[in-house]
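Comments concern the structure below.
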Amino acid sequence: LRQDVRKGMEYEQRIERLIQSQRPGILRDRLEDTAGQLTDWVANIFALASRLDAYKQDGLLARERAAVPKEVENLEARLKLESNEQIRQQMSEVLAGKRTQLEALQALHTRMHQAQLQMDQSLTALATVYSQVRLVDAQDIASGQTERLRADIQEQVNRLNDLVASINDVYNYRTEGLG
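Right, here's the structure in full:
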């Protein structure tokens, strides 16, 4: 993940250098406005990588992802065999809690997998932007293409903002929920 962040920062620096090498004028001004969003983009890639790294390093979550499905299965089997109604009631309550925990673990795992894919996609998009800015260096492009480039960058920044916020919500819930 650190390598991904470094790659993102390298693209950002190269894009900024290419833009600074443009002749002063409207095109350069538009590209500079667009490049201002790159800092947010790379910051979001960094935030995403940090969350992914924390998730991957969390041994407790890894153990829980392995143990809880088995615990649910065992509780279900024991519940079927239990004849005492009071114990069945308690087991049902424990089972409901374990199912909720399992759903939360699965949702977090899915979200983190999506985060990894989004980060990969964002780095690919950043590489594409770099190529497009290199193209600007080789030829003048119409302002419509510059606007599309700006819109593409803004879309990536917004996507990453949303994903980082949703992961923060999950982690904040997890931390606050544990007391």
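For the sequence shown, position 172 (counting from the first letter as 1) is numbered 207 according to the working numbering, and the numbering increases by one without interruption. Here a beta-carbon is modelled for each residue, glycine too, at the ideal position from N, C-alpha and C. No experiment lies behind these values; they were computed from the predicted model shown.
Under the 10 Å beta carbon count, GLY71 is surrounded by fewer than 16 other beta carbons and is classified as exposed. Here GLU51 carries a helix assignment [DSSP, helix/strand/coil]. Out of GLN38, GLU47, LYS42, the CA that lies nearest to the CA of VAL168 is found in GLU47. The three-state reading of DSSP puts ASN119 in coil, since its state is none of H, G, I, E or B. When DSSP states are grouped into helix, strand and coil, LEU36 belongs to the coil group.
Here ASP93 carries a coil assignment [DSSP, helix/strand/coil].
In this structure, DSSP gives PRO104 a helical state, which the three-state scheme calls helix.
Secondary structure of SER56 (DSSP, three-state): coil. With 16 or more other Cβ atoms from the protein chains shown falling within 10 Å of its own Cβ, ALA150 counts as buried.
GLU111 and SER118 have their C-alpha atoms some 13 Å from each other. The residue from THR69, ASP64, GLU120, ASN79 with its alpha-carbon nearest to that of MET44 is ASN79.
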